[in-house]
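Numbering (numbering that gives the first Met the number 0), first residue to last: 0 to 479. In this text, a Cβ means the ideal position worked out from N, Cα and C, and glycines have one as well. Step one of this worksheet: look at the structure below.
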Amino acid sequence: MVDEQELDNHKGVRYDEKGGFLKPHIFTLTVPQVDGGSNISIKASWSQKLLYQDGQYTLNIPFSFPEFVTPAGKKMPKREKIQLNVNTGTKTEVICKSTSHPLKERNREVGKLCFFYESDVLTWSSHNFIFSYDISSSHTFGTLLLQSPPIQDADQREMFCFQLYPGTLEKNKTFRKEVVFVADISGSMQGKPLDDTKSSLSAALSKLRIEDRFNVIAFNGEIFLYSSSMELATEEAIEKAIQWIGINFIAGGSTDILAPLIKAMDLLSDVSNSMPMIMLVTDGTVENEKYICETLKSRLKNQASLCPRIHTFGIGSFCNHYFLQMLAVLGRGCHDIAYDVESVEHRMERFFSNALSVILADISLVLTKANNPKQAQPSELKVVLLPHLGYGFGNLTATNDNTPCGCDEPKPPEAAEMFVMAASSCCGKMCEACCCMCCIQACSRINNQCGILLTQLVTSFACLGCISCCELCCSAQDGG
0 MVDEQELDNH KGVRYDEKGG FLKPHIFTLT VPQVDGGSNI SIKASWSQKL LYQDGQYTLN
60 IPFSFPEFVT PAGKKMPKRE KIQLNVNTGT KTEVICKSTS HPLKERNREV GKLCFFYESD
120 VLTWSSHNFI FSYDISSSHT FGTLLLQSPP IQDADQREMF CFQLYPGTLE KNKTFRKEVV
180 FVADISGSMQ GKPLDDTKSS LSAALSKLRI EDRFNVIAFN GEIFLYSSSM ELATEEAIEK
240 AIQWIGINFI AGGSTDILAP LIKAMDLLSD VSNSMPMIML VTDGTVENEK YICETLKSRL
300 KNQASLCPRI HTFGIGSFCN HYFLQMLAVL GRGCHDIAYD VESVEHRMER FFSNALSVIL
360 ADISLVLTKA NNPKQAQPSE LKVVLLPHLG YGFGNLTATN DNTPCGCDEP KPPEAAEMFV
420 MAASSCCGKM CEACCCMCCI QACSRINNQC GILLTQLVTS FACLGCISCC ELCCSAQDGG
């Protein structure tokens, strides 16, 4: 990746100043020089993880279109098409659980399904495409999927996917766990993020088994420890911990991530015959992130097989999610993100549930010399520019100022604003000379019936004006 300030060394690379992220999950790209009535075809390719929870897989694809993509004025009919191919890589039956759109089954084979959806609509979809399915097997097994790119695809890289299916969770025994929950209570966590953290953490504590042990650390510039040692997850201990969370989780202060992580690792230093875990939740960025990674990497290496799993959860766009993801990679844990405040509780509860439901651990893949992947040369690497692509790298200034999550973030424009922008760019001088921009903005917000009524009203006033003018002219002639 190349920052836009380093474009002098990449003069041959095409660059669009208006492309970039509007939000972490919304990428915008301007298509220039398009004539009216043209059909524009856009192909987007990406990969994402399948959510596995409560014994079933769930595919959630963005299919929600903002209001401003629909042109102002009369609504024209549109056509939506969705083709879904499911290939589980298994020889077991696939059971469809739920779907957000009325899919029609086209083909069914062992381990494979094909669905199709097509509909004429007046407005684009306002909700994502969601499809859930289950595999009818109670055994743990693994599958390997190989995918070759289409001939016409510009990206000719081969892909593979290796997955392990846990089977029926009720019949599998999970590991005995030693868990330290490390939660950020700095000033920027005030309000809904901290409230959702408290409720999600309380729910996670309630799911621990009696043979598990736990502890809770709250941190800002200081460390607040629930207990000096690990506690058995008895009903009484969990109730006391939930009460302690309600009293001590008060937003305030700065952010220091290294000290609570070191304290959590010290608490788990004498663990044996169990799986140690650290659950880190934060919404901030710190200056010494590289030093934190180096320190934890050294400590994890010294503890060898008894080193704790580090699971990280980031909140908001001011958090350095790449740093948290690196911590999770070093700690062989998982990482999740809640970019907006509304999704914190749901995603955090799912994050805790997945991290605490470990059935298999210390899995490794061994590649033989004959199958070693070819390493790409620097000249073969694709250059990706970073215009306005700062999301995910964190905001140290916002963290130091304790700016709450969700503040000062760009918002998608409304339909009227898009109309005004188009009018000002195409005929700005004409609009300034002939009419008021406020009038354009107001007119873009009215519906068709109101527009017809206003047109008739203005026409009536014009007719009355013409009649008055004729009367004045006739009276002047009679007087002459």
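Quick check on the DSSP output: what are the complete alpha helix (DSSP H) runs of length 4 or more inside the region 98-168, in order along the chain? none
Can you tell me which of Y132, C160, N219, S63 puts its alpha carbon nearest to the alpha carbon of V285? As a first step, residue 285 must be located in the sequence shown, where it is residue number 286. Closest by C-alpha distance to V285, out of Y132, C160, N219, S63, is N219.
Minimum length 3: unbroken beta strand (DSSP E) runs contained in the region 286-331: Correct list: 308-314.
Bridge-paired residues (DSSP) for Y51: The residue you call residue 51 lines up with position 52 of the sequence shown. Partner(s): Y56.
So, is C502 buried or exposed, given that buried needs 16 or more other C-beta atoms within 10 angstroms? For the chain, the structure presents residues 0 to 479; residue 502 sits outside this window and is missing.
Span of the beta strand (DSSP E) around T281: Counted from its first residue, the sequence shown places residue 281 at position 282. Residues 274-281.
Spatial neighbours of D154 within its chain, please: C-beta separation below 8 Å, excluding the five flanking residues on both sides. For this step, residue 154 is matched to residue 155 along the sequence shown. The residues are S44, P148.
Determine the closest residue to I41 out of S253, V30, L49, S205, with distance taken between C-alpha atoms. On the sequence shown, position 42 is the one that residue 41 refers to. Checking every option, the nearest Cα to that of I41 belongs to V30.
Leaving out five residues before and five after T91 in sequence, what residues of the same chain have Cβ atoms less than 8 Å from its Cβ? If you number the sequence shown from 1, residue 91 lands on position 92. The residues are V109, G110, I134, S135, S136.
Here's the rule: buried if 16 or more other CB atoms are within 10 angstroms of the residue's CB, otherwise exposed. What is H310? As a first step, residue 310 must be located in the sequence shown, where it is residue number 311. Classification of H310: buried, given that the 10 Å Cβ count is 16 or more.
Could you give the C-beta distance for V179 and I277, rounded to a whole number, given that I count them as a contact under 8 Å? Here residue 179 refers to the residue found at position 180 when the sequence shown is read from its first residue. Here residue 277 refers to the residue found at position 278 when the sequence shown is read from its first residue. 5 Å between Cβ atoms; contact.
Taking F213 and M229 to be in contact with their CB atoms under 8 Å, please state how far apart those CB atoms are, rounded to whole angstroms. Here residue 213 refers to the residue found at position 214 of the sequence shown. Here residue 229 refers to the residue found at position 230 of the sequence shown. With 8 Å as the limit, F213 and M229 qualify as a contact, their Cβ atoms being about 7 Å apart.
Pick out whichever of E293, R349, C318, S316 has its Cα sitting closest to the Cα of G330. Taking the first residue of the sequence shown as position 1, residue 330 is located at position 331. It is E293.
Just to confirm, is the Cβ distance from F33 to K77 under 8 Å? As a first step, residue 33 is located in the sequence shown; it is residue number 34 there, counting from the start. As a first step, residue 77 is located in the sequence shown; it is residue number 78 there, counting from the start. Inspection of the sequence shows that residue 33 is occupied by Val rather than by Phe. In this structure, K77 does not lie closer than 8 Å to V33 by Cβ.
Report buried or exposed for G427, applying the criterion of at least 16 other Cβ atoms within 10 angstroms of its Cβ. Counting from 1 along the sequence shown, the entry for residue 427 is found at position 428. Note that G427 scores a pLDDT of 47, beneath 50, so its modelled location is shaky and nothing firm can be said.
Please report the straight-line C-alpha distance between P101 and H320, rounded to a whole angstrom. Numbered from 1 along the sequence shown, position 102 holds the residue referred to as residue 101. Numbered from 1 along the sequence shown, position 321 holds the residue referred to as residue 320. Those two C-alpha atoms are separated by around 36 Å.
Using the three-state DSSP reduction, which class does L366 fall into: helix, strand or coil? The residue given as residue 366 occupies position 367 in the sequence shown. Coil, per DSSP.
Boundaries of the alpha helix (DSSP H) in which Q242 is found, first to last residue: The count along the sequence shown starts at 1 and reaches residue 242 at position 243. Segment 234-247, the alpha helix (DSSP H) holding Q242.
Going by beta-carbon coordinates alone, are A263 and V181 separated by less than 8 Å? As a position in the sequence shown, residue 263 is number 264, starting the count at 1. As a position in the sequence shown, residue 181 is number 182, starting the count at 1. Yes. Within cutoff.
Give me the Cα-Cα distance between L266 and R298, rounded to the nearest whole angstrom. Working through the sequence shown from its first residue, we reach residue 266 at position 267. Working through the sequence shown from its first residue, we reach residue 298 at position 299. Each residue's Cα considered, the two are about 13 Å apart.
Drop a sphere of 10 angstroms on the beta-carbon of Y338, count the other beta-carbons inside from all chains shown, and report buried for 16 or more, exposed for fewer. Here residue 338 corresponds to residue number 339 of the sequence shown, with the count starting at 1. Counting Cβ neighbours within 10 Å, Y338 comes out buried, since at least 16 surround it.
Do S199 and G283 have their C-beta atoms closer together than 8 Å? Translated into positions along the sequence shown, residue 199 becomes position 200. Translated into positions along the sequence shown, residue 283 becomes position 284. The answer is no: Cβ separation not under 8 Å.
I481 versus R208, S273, N272, Q324, residue with shortest Cα-Cα distance: Any property of residue 481 remains undetermined from this structure, which presents the chain solely from 0 to 479.
Just mark G315 as buried or exposed, buried being the case when its beta carbon has 16 or more other beta carbons within 10 Å. Residue mapping note: residue 315 aligns to position 316 of the sequence shown, counting from 1. The residue is buried, with at least 16 neighbouring Cβ atoms inside 10 Å.
Do you know offhand how far F312's Cα is from K74's? For the purposes of this step, residue 312 is taken as the residue at position 313 of the sequence shown. For the purposes of this step, residue 74 is taken as the residue at position 75 of the sequence shown. So the two alpha carbons sit approximately 42 Å from each other.
Buried or exposed: where does C160 fall if 16 or more other Cβ atoms within 10 Å of its Cβ makes it buried? Here residue 160 refers to the residue found at position 161 of the sequence shown. Per the 10 Å Cβ criterion, exposed.
From L143, I209, Q151, pick the residue whose C-alpha is nearest to that of M158; which is it? Locating residue 158 in the sequence shown gives position 159, counting from the first residue. Among L143, I209, Q151, the Cα nearest to that of M158 is on L143.
By the 10 Å Cβ neighbour count, where 16 or more other Cβ atoms means buried, how is C318 classified, buried or exposed? Within the sequence shown, the letter at position 319 stands for residue 318. That one is buried.
Of the residues D269, K296, S253, the one placed nearest T281, counting alpha carbons only: Counting from 1 along the sequence shown, the entry for residue 281 is found at position 282. Cα-wise, what sits closest to T281 is S253.
Within the 8 Å Cβ cut-off, does L145 reach chain B? Among the chains in the structure shown there is no chain B, since it carries only a single protein chain.
I need the DSSP call for C333, collapsed to helix, strand or coil. Looking up residue 333 in the sequence shown gives position 334. It is coil, neither helix nor strand.
Short of 6 Å in beta carbon distance, which residues of its chain neighbour K80, apart from the five on each side in sequence? Order them along the chain. The count along the sequence shown starts at 1 and reaches residue 80 at position 81. Excluding positions up to five away in sequence, the list reads E117.
Range covered by the alpha helix (DSSP H) that runs through K191: For the purposes of this step, residue 191 is taken as the residue at position 192 of the sequence shown. 191-205 is the extent of the alpha helix (DSSP H) around K191.
For V343, three-class secondary structure by DSSP: Your numbering for residue 343 matches position 344 in the sequence shown. In this structure, V343 counts as helix in the three-state DSSP scheme.
Take A258 as the anchor and find which of A236, S268, F223 has the nearest alpha-carbon. Position 259 of the sequence shown holds residue 258. Among A236, S268, F223, the Cα nearest to that of A258 belongs to F223.
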